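Asks: When we follow our numbering, the leftmost residue of the sequence shown carries the number 14, and every step to the right adds one. Below you will find the structure I want to go over with you.
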Amino acid sequence: MRVAVIAYAASWPLLISTFYGVRAVDPITLDTARNFGVSPARTLWAVTLPAALASISTGLRVSASLALVVTVTTELIAANSGIGFYVSQMEQANRLPPMYAGILLTGILGYLINALFFRLERTVVFWAPQSREVAL
14 MRVAVIAYAA SWPLLISTFY GVRAVDPITL DTARNFGVSP ARTLWAVTLP
64 AALASISTGL RVSASLALVV TVTTELIAAN SGIGFYVSQM EQANRLPPMY
114 AGILLTGILG YLINALFFRL ERTVVFWAPQ SREVAL
């Protein structure tokens with residue numbers, strides 16, 4: 014059940030980013046591919062996907078961060094293992110230093126996941142303007 018909740022929550026940013034990325038593909042580029050006789054499958058692979066890849070990678074980065082948040086939240090509410098469960102147990106036992114260590118670990122893990130996906134985004138979508146900006 015937890016996996017379904019996490020997958021459901023994390024899929025929406027990716028789906029929305031993909032939708033807007035595909036919708037933003039230049040119609041002239043699609044018409045040019047169609048005029049040159051490129052098949053619809055090849056157009057999807059060679060024109061639409063590269064044009065939408067910047068939005069898709071951003072959606073993937075947001076989804077990964079959201080998945081961590083939802084994972085820890087579900088562990089806080091209804092789990093018997095994980096960082097969220099550990100934080101909840103330490104809070105109930107009034108052991109504040111280990112509780113804050115768990116919270117800090119969650120924050121560091123979130124930062125590392127975001128940094129990993131940001132670096133991956135800059136490597137894969139090197140031609141996009143947002144990949145040239147320094148954000149970290």
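Yeah, the Cβ is synthetic: ideal placement off N, Cα and C, and Gly gets one too. In this text, all values refer to a predicted model and were calculated from it rather than measured experimentally.
One question on the structure: do residue 125 and residue 73 come within less than 8 Å of each other, judged by their Cβ atoms?
Replies: Result no, Cβ atoms of residue 125 and residue 73 do not sit closer than 8 Å.
Asks: If you draw a straight line from the C-alpha of residue 53 to the C-alpha of residue 79, how long is it?
Replies: So the two alpha carbons sit approximately 33 Å from each other.
Asks: Between residue 138 and residue 70, is the Cβ-Cβ spacing less than 8 Å?
Replies: A contact, by the Cβ cut-off of 8 Å.
Asks: Considering only their Cβ atoms, is the gap separating residue 60 from residue 38 smaller than 8 Å?
Replies: Yes. Within cutoff.
Asks: For residue 41, which option in 56, 67 and 15 has the closest C-alpha, if you only look at C-alpha atoms?
Replies: Checking every option, the nearest Cα to that of residue 41 belongs to 56.
Asks: For residue 83, which residues from the same chain have a beta carbon less than 8 Å from its beta carbon, with the 5 sequence-adjacent residues on both sides left out?
Replies: Result list for residue 83: 18, 19, 22 and 23, in chain order.
Asks: Going straight from the alpha carbon of residue 65 to that of residue 133, what length do you get?
Replies: Their Cα atoms are separated by approximately 16 Å.
Asks: Contact check, residue 15 vs residue 87 under 8 Å by CB: the rounded distance?
Replies: That belief holds up - the Cβ atoms of residue 15 and residue 87 are roughly 5 Å apart, short of 8 Å.
Asks: Can the beta-carbon of residue 119 be found less than 8 Å from the beta-carbon of residue 96?
Replies: In contact: residue 119 and residue 96 (Cβ atoms closer than 8 Å).
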